[in-house]
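First residue of the sequence shown: 45, per our numbering; consecutive thereafter.
Right, one structure below, let's go through it.
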Amino acid sequence: MRKLRRLMKSFEDTRILDIGTGNGNFIRILTSLDDGFKSVVGIDLLSGAIKVCKSGFNDERIKFMKMDALKMDFEDNSFDIISLSNSLHHLDDISATLKEMERVLAPGGVLLFCEMRSNNLTKKQKSHLKMHHYAAEIDRERGSVHYETFTDKEILNHLTEKSSLDIKDVWEFVVTDKEEITPKEIEWLFETIDRVQERVEGSEKREYFRKKADKIKNYIRKYGFDSATQLIVVIGK
């Protein structure tokens, strides 16, 4: 967190944009590191996500809008920090999204990416990876854009090959390092898997997904669970 805090504090009256904000969790992380920001805007395509965020924040400097990252309604040079957290593998057109992010980035600003990696994971962390890829496969079965997560090399290649900006910094962010998982936590994970599986109950592949869910549960029973390491990449002009 030290590097992220240092990055936040390197700006004054910071204008922040969080793309694919989801439940607003990354905004909570950023604003907890530096309260001196001027404004934060979180955008997402899902109306439900925006509704949840609007009810979960009470800081008048933080706003949420339903908006497509490919066609943002902001003027050029509007933000100092633009973040994309665990959403790179959700993008159908990475190049076009990066181009639009660069358009609204102010001179001297940075694009901040926090992306779950798929390589160099412990056996416990691979439980997270398996659950995530399972959900991604089901989303694709239902017609949504949700690819499997990338390796460090793939993340960096996407950002260097599809952006005109330069990489300023790269580091790992280990979310947790749990010794053991409790029975209650295992129960919650299994319920999460079941809820994801329910999305394809009407599919011809429901038996395939049921068997795959059982394999993931058995893996978690054997090895436990821990959050996958995140790769943080900062690029700028």
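Just so you know, even glycine gets a beta-carbon here, dropped at the ideal spot from N, CA and C.
Note that the coordinates shown come from a computational prediction; the quantities given were computed from them, not determined experimentally.
Contact between the segment 213-225 and the segment 178-195 is absent: fewer than 3 CB-CB pairs across the two stretches fall below 8 Å.
The C-alpha of Glu-223 is placed about 34 Å away from the C-alpha of Glu-251. Taking C-beta atoms under 8 Å as the contact rule, Lys-107 and Leu-89 fail to qualify, at a distance of about 16 Å. Sequence-distant Cβ neighbours of His-172 in its own chain, meaning closer than 7 Å and more than five residues away, are Phe-269, Asp-270, Ser-271, Ala-272. Taking a cut-off of 8 Å for Cβ pairs, the segment 153-163 and the segment 199-210 touch, as three or more such pairs fall below it. If only complete runs of 3 or more residues are kept, the segment 201-244 shows the beta strand (DSSP E) at 210-217, in order along the chain. In this structure, the straight-line span from the alpha carbon of Gly-66 to that of His-134 is close to 12 Å. Residues Gly-68 of the same chain have their beta carbon placed closer than 7 Å to that of Phe-101, with the five preceding and five following residues left out of the count.
The DSSP-derived three-state label of Val-96 is helix. Between Thr-75 and Ile-125, the C-beta gap is not smaller than 8 Å, which leaves the two residues out of contact.
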